[in-house]
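Chemist:
Numbering (full-length UniProt numbering), first residue to last: 1 to 239.
(1) Under the three-state reduction of DSSP, which class applies to residue 156: helix, strand or coil?
(2) Would residue 132 and residue 163 qualify as a contact pair, given that the criterion is a beta-carbon distance under 8 Å?
(3) Run through the DSSP bridge pairs and tell me what residue 48 is partnered with.
(4) Could you tell me if residue 203 is buried or exposed, where buried requires 16 or more neighbouring beta carbons within 10 angstroms of its beta carbon?
(5) Are residue 170 and residue 5 closer than 8 Å when you measure CB to CB?
(6) Check residue 176 in the structure and name its three-state DSSP category.
(7) Residue 128 by DSSP, collapsed to three states: which one?
(8) Going straight from the alpha carbon of residue 10 to that of residue 190, what length do you get?
(9) Cutting at 7 Å between CB atoms, please list the residues of its own chain near residue 49, excluding the five before and the five after it.
(10) Nearest chain D C-beta to residue 3 closer than 8 Å, yes or no?
(11) Apply the 10 Å Cβ neighbour rule to residue 8 and answer buried if 16 or more other Cβ atoms are within range, or exposed otherwise.
(12) Just the Cα atoms here: how many angstroms apart are residue 178 and residue 146?
(13) Answer yes or no: do residue 183 and residue 219 have a C-beta to C-beta separation smaller than 8 Å?
(14) Look up residue 145 in the DSSP assignment and say whether it is helix, strand or coil.
(15) Does DSSP classify residue 171 as helix, strand or coil?
(16) Alpha carbon to alpha carbon, what distance is there between residue 181 and residue 127?
(17) Between residue 52 and the rest of its own chain, which residues show a CB-CB distance below 7 Å, the 5 nearest in sequence each way excluded?
(18) Using the Cβ count rule (16 or more neighbours within 10 Å means buried), how would you classify residue 45?
(19) Taking DSSP as the reference, what is the three-state secondary structure of residue 217?
(20) Confirm, please, whether the CB-CB distance from residue 12 to residue 158 is below 8 Å.
(21) Name the DSSP bridge partner or partners of residue 164?
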């Protein structure tokens, strides 16, 4: 299949949990590959172009400023949260958590007590990811993802529909204003001719793809301190 620049238009059924950054396109697709194969080595075969180890997959952008609000989410307290004598614990349960670094077995003792956490939500019905690669294959993998962001198991960030459009220029790494569309290691950023007016994250915030066994790298990152999302301001037709 010919590799082409494309945009993936993602329609959401439910609000997103507010986060500093949402997953890049390659991070989402790597999760699908990992769940399908259980083989970390297969992730390097993602149907995306790759430049010096950086996949051509952007962070999501939105088409209008999001509406922010908070909701309460009930969570059972576990023995890790509440270690008090005299508490009668519920049945012991063994949980298995799959990640790109392997399977983690964890014993969980739940109590009858709950805590109410406040979660910030963004009311947003449409996201767009930019990429370059096998567009149809990327669209198929994206359609296998149930939701985006935290607490997907309770229905936040649920995906309703995914559609793909081919575009003329690759917007997955750098936008028309020479600003980053995803975290990009500084040496690659300068090689791409990116703008100097960009936020550099600190050592404690440096970025590392979850599918790579390598030290964290200082990157140029999108400067989105207020809304925590990128807003699409260029004329790219994805309808």
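Every residue gets a Cβ at the ideal spot worked out from N, C-alpha and C, and that includes glycine. It should be emphasised that the depicted structure is a prediction, and the values quoted were computed from it without experimental measurement.
Modeler: Walking through what the data contain:
(1) By 1-based counting over the chain shown, the position of residue 156 is 156. Of the three classes helix, strand and coil, the one that applies to residue 156 here is coil, per DSSP.
(2) The sequence position of residue 132 within the chain shown is 132, counting from 1. The sequence position of residue 163 within the chain shown is 163, counting from 1. Not closer than 8 Å, so no.
(3) Here residue 48 corresponds to residue number 48 of the chain shown, with the count starting at 1. Answer is 133.
(4) Counting from one through the chain shown, the residue named residue 203 turns up at place 203. In this predicted model, residue 203 has a pLDDT of only 41, less than 50, meaning its place in the structure is not dependable enough to derive any value.
(5) The residue you call residue 170 lines up with position 170 of the chain shown. The residue you call residue 5 lines up with position 5 of the chain shown. Yes, the Cβ-Cβ distance between residue 170 and residue 5 is below 8 Å.
(6) Indexing the chain shown from 1 puts residue 176 at position 176. Correct three-state label for residue 176: coil.
(7) Against the chain shown, residue 128 aligns to sequence position 128. Here residue 128 sits in strand by DSSP.
(8) Indexing the chain shown from 1 puts residue 10 at position 10. Indexing the chain shown from 1 puts residue 190 at position 190. About 31 Å.
(9) The count along the chain shown starts at 1 and reaches residue 49 at position 49. 3, 56, 132, 133, listed in sequence order.
(10) Here there is only one protein chain, and chain D is not present.
(11) Translated into the one-based positions of the chain shown, residue 8 becomes position 8. Under this definition residue 8 is a buried residue.
(12) Here residue 178 is taken as the residue at index 178 of the chain shown, counted from 1. Here residue 146 is taken as the residue at index 146 of the chain shown, counted from 1. C-alpha separation (whole angstroms): 32 Å.
(13) Along the chain shown, one-based indexing puts residue 183 at 183. Along the chain shown, one-based indexing puts residue 219 at 219. Between residue 183 and residue 219, the C-beta gap is smaller than 8 Å, which places the two residues in contact.
(14) The sequence position of residue 145 within the chain shown is 145, counting from 1. Residue 145: coil per DSSP, three-state reduction.
(15) Position 171 of the chain shown, counted from the first residue, corresponds to residue 171. Looking at residue 171 - three-state DSSP - the assignment turns out to be coil, as it is neither helix nor strand.
(16) Translated into positions along the chain shown, residue 127 becomes position 127. Translated into positions along the chain shown, residue 181 becomes position 181. Rounded to whole angstroms, residue 127 to residue 181 spans 14 Å at the Cα level.
(17) Here residue 52 refers to the residue found at position 52 of the chain shown. Excluding positions up to five away in sequence, the list reads 188.
(18) Within the chain shown, the letter at position 45 stands for residue 45. So residue 45 counts as exposed.
(19) The sequence position of residue 217 within the chain shown is 217, counting from 1. Here residue 217 sits in strand by DSSP.
(20) Translated into positions along the chain shown, residue 158 becomes position 158. Translated into positions along the chain shown, residue 12 becomes position 12. Yes; because the gap between Cβ atoms is below 8 Å, this pair is in contact.
(21) Reading the chain shown from its first residue, position 164 is the one you call residue 164. Assignment of beta-bridge partners to residue 164 by DSSP yields 8.
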